[in-house]
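For the sequence shown, our numbering begins at 1 and goes up steadily by one. For every residue, glycine included, the Cβ atom is placed at its ideal position computed from N, Cα and C.
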Amino acid sequence: MSSKFFMSDSESSDSESEEELIRETRLIARISDDEEDTKRIVRSAKVKRYEELNTVIKNIRNYRKNKDLASLHSSFEELCRLYTKATPVIEKEDGGKVPRFFTRCLVELEDYLAVVWEDKDGRKKMTKNNAKGLTTMRQKLRKYVKAFEEDMKIFRESPDDFDSDIEPDEVPDAEVASDEEVEEPLVADAFKKEASVVSESREASVKYTGGGDDDDDYSDWGSDGDSSSSESDGGGTVNLRDKFLKKTTAQREEDEMKKKARSERKKEGKPAKEGDGGWETVKKGTVIPTEKPKMFGKDDEISVKTVTNKLNEIMAARGKKGTDRKEQIELVHELMGIARENDLGQAIYIKIQYHLIMSIYDYTPSSSDSMRPDLWEKALKKIEEMLEMLESVDDLNIGEHITDETENLETSPFKVHGDVVTIIEKMDEEFCKLVKACDAHSNEFIVKLRDEVKVCKIVDRMLHYQERSGVVPDICRIYLRKIEHVYYKYDKDAAQLARKEESKTEVTSLKMMDKLCTYIYVRDNTDRLRTRAVLCHIYHKALHDCWYEARDLMLMAHLQETIQHSDLPTQILYNRTLVQLGLCGFRHAQIKEAHNALLDIQSGGRAKELLAQGLLPQRQHERTSEQEKQEKQRQIPFHMHINLEMLECVYLVSAMLIEIPYMAAHEFDARRRMISKSFHHQLKNSERQSLVGPPESMREHVVAASKAMRNGNWRVARDLLLNEKMNGKVWDLFHNADEVRAMLGRKVQEESLRTYLFTYSHVYDSISLVNLSKMFELPHATVHAIISKMIINEEIMGSLDEPTLCLVMHKTEPSPMQSLSLQLADKLYNLVENNDRVLDQKPFFQRNMQGGGGYRDRQQKPWGGNSNRDRRDGQNDRGDRGGGRDYMDRRNQDRGGGRDYLGRSNAGRDMGDRSDRGRDYMDRRRQD
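Rendered as structure tokens:
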């Protein structure tokens, strides 16, 4: 038997061809193994477009379940855009037939929107974005489905039929069972080949490669177990081609399970060998070192000086671009641990703790954003630790006035450079940001507001420390922080002391505010602290009904003259104080003072913006994003707000109690001034309405009460102001609600009495005070006081007859016809005077030039034989002959505070004098 190494030429060529075939097959198998992880799927344009549409439809169904109408609207617009993009493919592949799954989506959307739109209660509870999305999408869908009406009609007739554009064998089990969810986009079967070709090619390759009898040749292909495993794994020539074939649902699920298993194996990682450090997962980007750089060397000496230098080195990077804030906090924290390990003393601990707190504050990049809750809790904890350190060391002084050169951290007395009051102020600002960042009507707001107890305790501890070892400027600053946490809070014990009632405790907020504010008034040298302290002091006194003290303090401070030069937060505080002063005056029945205090805030309709309780839309121009951000930063937290509806109601009621009697007294006065524009605006709006129903809102109640009061129906006016609806909206918000309601009812009765006298006094010769007292249900002393005051102020012409208890009218007031006649005479007189002035101001009068009637000759030959001075003298003579003052003199006196109308004969004589003046003027013109 010849050796296998000695063969003929034919045998050698056959062996070479076999080796090439084996090499190619191995290459193909290797390629298939490498591509097992990344499978390629070639899809047609139709498949791609349908998958995009199905993905959006799936999102639409999810949004419908979640009732997210805003996202549903955006997904619907995306669906319309994708269908427009897929239209050419549908025209080419399906002949323009609309896919049934697309029609199904439109029908479901239309039905869903119809159900949601009919639910009116649900629409009222929607958020603003959902309501807007519902309205917009309903309009767009009604326009869009007009092009698909026929397809939708056919679909509604047989909605359960199978979708015509999807093969039945490709539908997943979940979709056959329910049409609610689309698990996978369904596409047509592509690239499908006959299985016989695959089997034949496999048999041919096996026969060809396995024809040799020698075991060594066959060993190159591996054992039977290897071949079977490779075939089962999908290797070989057949599997490479099968990768481009569409797989069934079972195959797809199996592939997904394999991918999940591979991803889990990758996450677990390979087992580390002995002696290896193991695998370490790193982030993308820059390589992070496994070990942090050591703070000090192994043999370095750790002392106060070296720790201070290292701290200055760390803090030198503070605020620079590219500085890792989190790493900076960790480094300072580590430095604190090193200092404690080496027991370097409390002074260096306090210095490191101070910089650690400032690093925590710097972690938030934007000044307008609030701190993270975990950082906020950490900052509070570190501040409390620092206060404990400060309180434990008696011979330590910390302040901004200590420079780095004079700083002493090793020997007593210790001196540390730092401003601890700034830490407290920053903490207070961050607390306000945290409270403003959350919704005021949520539980989160209540949880955040509980931290104010911790903040106030920290402020109190710092206050006691500064009183013990601080300087005057720092004491004034911490006093102001304490004042700003107290001034807007109502204290029942303080209110009882203000009413001269017995209180449970002697130390009240009023006494504390007096102490803190007095110290700032005396010791502070900056205008800002003193201004804010006096405003908070006034606010607190007004809140506790100390009306006269608060009013006198406001007048003595002269803030109204200089407040426009202050910063915006101080101006906002001034507006809040003025409003609170007006509310206090209203509670004390000081109606005019309350109206004057609230006038500037309420007249422009910008009370919400002036009190920093919200933003109003700009009419002329819109705010930029930067301006809006700054405005939001100036807003005050919700728990410090003043109720705007209560404020407007108090203003309108005060204006009503002043304006209605004034309108009745000056009904026929042409020069009647307007006291409250906003009140007149509400009255005019009510008069323009053709049909006025029962009042519903607060404004409508006040307007209806004004009309009733003007007609003398004081009971109706009182009932319109004091009822259950108004009590719930306004009056119950006052601390002493019962007293306010009693005061308001009494003021309505008194002002109704004044209005009645102004309106009907010309009808009576005398009026009984007893009848007036019964008519308005007022005590006799009150009626007597009101009428006496009116007579003293010359508001009515009359006198009191004490024996008969009557008001005797003097009939000095003109009748309506006389008032109109006097107005006409006044206007004619003004017209004549204006014409005289126009003629006197002309430089050259061109009429009668030939007779020397120029401007220079007017002094020699005056018109009518009298000069201007003679005319005025003649008027004075006529006024003297008339036996009374001129009408204009009487009007001037009236504007000065009183009215003194003459009798009917004098008024007629005065009108005759004015007609004589008119004839003199016409005579002069004819002579000219």
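Note that the stretch 517–524 touches the stretch 470–477; at least 3 beta-carbon pairs, one per stretch, sit closer than 8 Å.
In the assembly as shown, P99 is a buried residue. Its beta-carbon has 16 or more other beta-carbons within 10 Å. Spanning the alpha carbons of I538 and L615 requires a straight line of approximately 26 Å. Beta bridge pairing from DSSP links D801 with C806. Ranked by how close their Cα comes to the Cα of C438, the residues K457, Q749, R372 have R372 in first place. Distance from M656 to V702 at the Cβ level is roughly 6 Å; contact confirmed, criterion being Cβ atoms closer than 8 Å. Between the alpha carbons of Q823 and M817 lies a distance of about 10 Å.
Annotated as proximal: V748 and A717, with beta-carbon spacing under 8 Å. Here V472 is exposed, its C-beta having fewer than 16 other C-beta atoms within 10 Å. Looking at the backbone, the Cα of R746 and that of V650 are separated by about 15 Å. Rounded to the nearest whole angstrom, the C-alpha separation of V808 and T531 is 54 Å. By the Cβ neighbour-count rule, K351 is buried, with 16 or more other Cβ atoms within 10 Å of its own.
For I658 against I591, the beta-carbon gap comes to about 6 Å, under 8 Å, which counts as contact. Listed as beta-bridge partners of N397 by DSSP are K415.
The straight-line gap separating the alpha-carbon atoms of A494 and S509 is approximately 6 Å. Apart from the 5 residues on each side of it in sequence, T306 sits with its Cβ closer than 8 Å to the Cβ of F296, D300 in its chain, given in chain order. Taking every protein chain shown into account, the CB of E751 has 16 or more other CB atoms within 10 angstroms, so this residue is buried.
Segment contact: the stretch 83–90 against the stretch 122–137, fewer than three CB-CB distances shorter than 8 Å; contact not assigned. Under the three-state reduction of DSSP, S44 is assigned to coil, being neither helix nor strand.
Separation of E700 and H595 (C-alpha to C-alpha, rounded to the nearest whole angstrom) is 19 Å.
Residue environment analysis places W376 among the buried positions, since at least 16 neighbouring C-beta atoms fall within 10 angstroms of its C-beta.
Pairing E739 with I636, the inter-Cα distance amounts to about 30 Å.
Looking from the CA of L356, the closest CA among E256, G418, L72 belongs to G418. S766 sits in a strand when the DSSP states are folded into three classes.
Checking the DSSP bridge columns, you'll see N408 partnered with K415. In this structure V420 touches M462 by the C-beta definition: roughly 7 Å separates them, less than 8 Å. The C-alpha of E341 lies about 37 Å from the C-alpha of K482. The three-state secondary structure of V507, taken from DSSP, is coil. A distance below 8 Å separates the beta carbons of S773 and V783. DSSP places T127 outside any alpha helix (DSSP H), giving it a letter other than H or E. Contact check for C456 against Y487 fails: the beta carbons are separated by 8 Å or more. Shortest Cα-Cα distance from I338 to any of T323, K320, G322, T308 involves T308. Comparing alpha carbon positions, the residue from L581, P413, A781, L757 closest to A664 is L757. Around the beta carbon of T577, a 10 Å sphere encloses 16 or more other beta carbons of the protein chains shown; the residue is thus reported as buried.
By a beta-carbon distance limit of 8 Å, M427 contacts I383. Their separation comes to about 6 Å.
Under the criterion of beta carbons closer than 8 Å, L331 and I314 qualify as touching, at roughly 5 Å.
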